[in-house]
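In the working numbering, the protein residues as written are 127 to 333. Where a beta carbon is used, it is the ideal one built from N, C-alpha and C, also for glycine. Everything on this sheet refers to the single structure shown next.
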Ligand SMILES: C[S@@+](CC[C@H](N)C(=O)[O-])C[C@H]1O[C@@H](n2cnc3c(N)ncnc32)[C@H](O)[C@@H]1O
């Protein structure tokens, strides 16, 4: 999703809206430094586990109902998707209590990012900004990206499509604003594509 290199993974990384996913756990295990923020980290592991099980079949049914909107090469089937998701979420749950003690999982909601300026090399956001353009306003997107760029040297966001498969209408108006901030902005094709056509990542860097 983010075209992460070994050099990227050696830096200090902030994951925004990381949810019950395994990135933090896996990166930590290989010696990385990742901090994740998400409002669900207000909840206990048991609460999150319960919620995962409540929504598991609903999420898979939604994907089954829209089967042709997805690319089935790496993930081969809906059953495979379910197993992959559950394995990732279990890895998260197994790591959650220790990660909270280590302050790797912190409850916070974009557009607020509760860190000092320049605390991270890289800030990431997957499957939240742009994807949920119908629920998060243009202003929230702008403020969230500003906050992420305040705390990190570089920001990457994936994907740039909304849930309906169309590119977020916020990208074009944000582009002029990126230039006005003096940031280098690029859209790069990455190797991961599950939502059909969702293979592009936004990269923002300080000039
Ligand atoms: C679809 S999940 C994506 C999880 C993970 N990034 C991934 O790609 O698998 C969206 C996540 O965004 C979180 N979220 C919702 N509103 C948020 C906000 N304002 N700031 C940060 N995270 C938020 C949700 O709790 C959820 O965990």
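Cβ shell of residue i (< 8 angstroms), same chain only, five flanking positions each side left out
i	result
residue 165	233, 234 and 235
residue 217	148, 151 and 152
7 angstroms CB neighbourhood of residue i in its chain, flanking five on each side removed
i	result
residue 196	189, 320, 321 and 322
residue 210	201
Distance cut-off 8 angstroms: residue i Cβ against heavy atoms of ligand 1
i	result
residue 141	yes
residue 213	no
residue 146	yes
residue 165	yes
residue 251	yes
residue 127	yes
residue 234	yes
residue 219	no
residue 262	yes
residue 254	yes
residue 257	yes
residue 240	no
residue 299	no
residue 237	yes
Where residue i sits in the DSSP three-state scheme
i	result
residue 242	coil
residue 304	helix
residue 148	coil
residue 136	helix
residue 284	strand
residue 291	coil
residue 336	No answer is possible for residue 336: it lies beyond the span of the chain, which begins at 127 and ends at 333.
residue 131	coil
residue 161	strand
residue 248	strand
For residue i, the nearest candidate out of the options (CA to CA)
i	options	result
residue 116	187, 281 and 287	Since the displayed the chain opens at 127 and closes at 333, residue 116 lies outside it and no answer follows.
residue 284	277, 308, 163 and 294	294
residue 313	251, 274 and 282	282
residue 158	143, 176, 139 and 167	139
Chain-order list of residues whose beta-carbon lies under 6 angstroms from that of residue i (same chain, five-residue window excluded)
i	result
residue 310	331 and 333
residue 243	276
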